[in-house]
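Notes follow once the structure below has been shown.
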Amino acid sequence: MTLLSGGIVGCAGRPLTPIVAAAIDVLECQLDAVEELVPQAELAESIVMAARAGDVDAAVAGLVQLGMSAEEVKAVAAAFSACVPVNKP
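Numbering (my numbering), first residue to last: 2 to 90.
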């Protein structure tokens with residue numbers, strides 16, 4: 002169980018459903034992937050949330066403002082897109 006899902010379990014007082022746990026795992030993966038390339042946590046979070054909301058222009062604009070090249074933006078996009086739900090037994 003991850004830290005984020007552990008916090009949610011603590012708040013809810015019951016285990017997460019598999020669907021919710023998978024969604025949290027994907028979100029954490031996306032945050033981790035972007036934070037590796039965008040060290041400012043708040044900016045990384047805003048980029049991830051923009052991308053998850055379908056606002057790719059805002060996500061790319063945030064990366065470009067950091068001075069990232071097109072190849073670096075593609076690397077962030079690839080890392081973000083690599084996060085997929087994993088079915089756990």
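Backbone N, C-alpha and C define an ideal beta-carbon position, used for all residues, glycine too.
Compute the distance between the beta-carbons of A51 and A60, then report whether it is under 7 angstroms. Closer than 7 angstroms, so yes.
Would you tell me roughly how many angstroms separate the C-alpha atoms of A23 and A83, rounded to the nearest one? Their Cα atoms are separated by approximately 14 angstroms.
Own chain residues within Cβ distance below 8 angstroms of A34, not counting five before or after: The beta carbon of A34 sits closer than 8 angstroms to those of V77, A80, F81, A83, C84, all from its chain and outside the five residues before and after it, given in chain order.
In the structure shown, what three-state DSSP assignment does D58 receive? Note: D58 maps to helix in three-state DSSP.
Tell me the rounded alpha-carbon separation between L28 and V39. Straight-line Cα distance between these residues: approximately 16 angstroms.
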